[in-house]
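Inspection log for the structure reproduced underneath, given as structure tokens.
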Amino acid sequence: QVQLVESGGGLVQPGGSLRLSCAASGSIFSANIMAWYRQAPGTQRELVARIINGGSTYYADSVKGRFTISRDNAKNTVYLQMNSLKSEDTAVYYCELVAGLSMYWGQGTQVTVSS
8 QVQLVESGGG
18 LVQPGGSLRL
28 SCAASGSIFS
38 ANIMAWYRQA
48 PGTQRELVAR
58 IINGGSTYYA
68 DSVKGRFTIS
78 RDNAKNTVYL
88 QMNSLKSEDT
98 AVYYCELVAG
108 LSMYWGQGTQ
118 VTVSS
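Set out below in structure tokens:
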């Protein structure tokens, strides 16, 4: 059984920064893709950033230049550094891990950007 535990969310003022972490544990043989999604109230879950095992990354246009995704394969951990946060970044952020044909999700961590 694979478990994903997110941390690092909270309340931050516009223009501030947060760093999210997602640690994976369990029977992980090869985490091919690790990603961050977010979901604001009344909206669909959207992909924020993704990093493939080889290091290739993808970012949603709305976060390019502000967010950075990285991973530590030895620790099975993925990070999301969020800078220059805006009110529209407010959402629950979810971690996703794809290993082979299996997909796993974390429980989510709330990020609130407000003055």
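Residue numbers (my numbering): 8 to 122. Yeah, the Cβ is synthetic: ideal placement off N, Cα and C, and Gly gets one too.
On the criterion of 16 or more Cβ atoms from any shown chain inside 10 Å, does residue i qualify as buried, or is it exposed?
i: Met110; result: exposed
i: Gly49; result: exposed
i: Asp79; result: exposed
i: Glu103; result: buried
i: Leu92; result: buried
i: Ala106; result: buried
i: Thr84; result: buried
i: Glu13; result: buried
i: Gly62; result: exposed
Looking only at C-alpha atoms, which of the options sits nearest to residue i?
i: Ala31; options: Gly15, Val9, Gly62 and Lys93; result: Val9
i: Thr119; options: Pro21, Gly62, Glu13 and Glu103; result: Pro21
i: Phe39; options: Cys29, Arg26 and Arg57; result: Here residue 39 is Asn; the residue named in the question, Phe, does not match the sequence. Residue Arg57 is the option with its Cα nearest to Asn39.
i: Lys82; options: Gly16, Gly33 and Gly17; result: Gly33
i: Leu11; options: Thr97, Tyr86 and Val70; result: Tyr86
i: Ile59; options: Thr97, Met41 and Ser69; result: Met41
Here's a check: name, in chain order, each residue in its chain whose Cβ is nearer than 6 Å to the Cβ of residue i, leaving out the five neighbours to either side.
i: Gly115; result: Val99 and Tyr101
i: Asn90; result: Ser24 and Arg73
i: Gln117; result: Gly16 and Val99
i: Gln88; result: Arg26 and Thr75
i: Ser77; result: Tyr86
i: Trp18; result: Here residue 18 is Leu; the residue named in the question, Trp, does not match the sequence. Thr119, listed in sequence order.
Using the DSSP secondary-structure output, state which residues sit across from residue i in a beta bridge.
i: Arg45; result: Glu53 and Tyr100
i: Ala106; result: Ser109
i: Val19; result: Val120
Excluding five sequence neighbours on each side, which residues of the same chain lie with their C-beta closer than 8 Å to the C-beta of residue i?
i: Glu53; result: Tyr44, Arg45, Gln46 and Ala67
Measuring only from the beta carbon, is residue i closer than 7 Å to any heavy atom that is part of the ligand MG?
i: Ser32; result: What this structure holds is no ligand at all, so the ligand MG is not there to describe.
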